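*Asks:*
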Amino acid sequence: MAERKVTAATVRARQMMMGGVVMGHVVGFTVIGLALAMGGPGAALTAALGFAAVVVFYGIGQALEVVASEMASSQGLILVLVSYVVRVVGIAAGLWLLLGLPQVAPLVSPPWLVASVAGTVFAWVSGVVLVAARQRVPVYDNEYEPPAVQDDD
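Those letters in the sequence shown? Residues 10 to 162, by the working numbering.
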């Protein structure tokens, strides 16, 4: 079987995904810890559910972007857009069902849900942007060529 060559676009997409994973987890776990310390187990459970929803949403989405970066432009775009709709509907339905369970509903703390979702989203996107800002994209980074030296003698 022939070895598959990984393109620069795929490498950059993976790097951005890892930036989001790291920063999202740092902030998400911090919010869960704060929820546990300040609001108890119910608040921590709520924060963990919000954190998990964001990680699943962005994790699947960015993993598919890595795959899409190897596809033809129109196919990659269709894959990413369809996955977006499926992820939004699926995660929203899952959270709605889970948070509505009689065993879970009394423990739900809306402020901690908002804090964990907002914090994790902000951190994930910030991680992606920080990595992307430091990447070198050859199409934008032309090599410097000094002007030709003219000999006037």
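Ideal Cβ positions, reconstructed from N, Cα and C, are used throughout, including at glycine.
Note that the coordinates shown come from a computational prediction; the quantities given were computed from them, not determined experimentally.
Could you check what DSSP says for GLU74 in three-state terms: helix, strand or coil?
*Replies:* As a working mapping, residue 74 is identified with position 65 in the sequence shown. Note: GLU74 maps to helix in three-state DSSP.
*Asks:* Under the assumption that GLY128 contacts GLY28 (Cβ atoms under 8 angstroms), give the Cβ distance between them as a whole number of angstroms.
*Replies:* Here residue 128 refers to the residue found at position 119 of the sequence shown. Here residue 28 refers to the residue found at position 19 of the sequence shown. Actually they do not touch by this definition, with Cβ atoms about 16 angstroms apart.
*Asks:* How far does the alpha helix (DSSP H) with MET80 in it reach, from first residue to last?
*Replies:* In the sequence shown, counting from the first residue as 1, residue 80 sits at position 71. Run containing MET80: none; DSSP gives neither H nor E here.
*Asks:* Hey, how far is the Cα of ARG145 from the Cα of VAL35?
*Replies:* For this step, residue 145 is matched to residue 136 along the sequence shown. For this step, residue 35 is matched to residue 26 along the sequence shown. Computed Cα separation, rounded: 26 angstroms.
*Asks:* Ends of the alpha helix (DSSP H) at GLY136?
*Replies:* Translated into the one-based positions of the sequence shown, residue 136 becomes position 127. GLY136 -> alpha helix (DSSP H) spans 119-143.
*Asks:* Return the chain-ordered list of same chain residues with a C-beta closer than 6 angstroms to the C-beta of SER125, the five sequence neighbours on each side being excluded.
*Replies:* Start at 1 with the first residue of the sequence shown, and residue 125 comes out as number 116. VAL40, ALA56, GLY59, PHE60, listed in sequence order.
*Asks:* For GLY49 and TRP133, I'd like the C-alpha separation in whole angstroms.
*Replies:* Here residue 49 refers to the residue found at position 40 when the sequence shown is read from its first residue. Here residue 133 refers to the residue found at position 124 when the sequence shown is read from its first residue. Computed Cα separation, rounded: 25 angstroms.
*Asks:* From the DSSP output, in three-state form, read off GLN24 for me.
*Replies:* Along the sequence shown, read from residue 1 onward, the residue named residue 24 stands at position 15. Helix, per DSSP.
*Asks:* Specify the secondary structure class of LEU110 as computed by DSSP and reduced to three states.
*Replies:* Position 101 of the sequence shown, counting from 1, holds the residue named residue 110. Correct three-state label for LEU110: coil.
*Asks:* Is the CB-CB distance between GLY33 and VAL64 below 8 angstroms?
*Replies:* In the sequence shown, residue 33 corresponds to position 24, counting from 1. In the sequence shown, residue 64 corresponds to position 55, counting from 1. Yes.
*Asks:* Leaving out five residues on either side along the sequence, give the residues of the same chain with a beta carbon under 8 angstroms from the beta carbon of ARG23.
*Replies:* By one-based count along the sequence shown, residue 23 stands at place 14. The residues are VAL75.
*Asks:* For GLN84, count the other beta carbons within 10 Å of its own beta carbon; 16 or more makes it buried, fewer makes it exposed. Which is it?
*Replies:* For the purposes of this step, residue 84 is identified with residue 75 of the sequence shown, where counting begins at 1. The residue is exposed, with fewer than 16 neighbouring Cβ atoms inside 10 Å.
*Asks:* Does ARG13 come out as helix, strand or coil in the three-state DSSP assignment?
*Replies:* Here the question's residue 13 lines up with position 4 in the sequence shown. Reduced to three states, the DSSP call for ARG13 is coil.
*Asks:* Taking the alpha carbon of LEU5 as the point to measure from, which residue in VAL117, VAL15, PRO156 has its own alpha carbon closest?
*Replies:* Nothing about residue 5 can be reported from this structure: the residues present for the chain run from 10 to 162 only.
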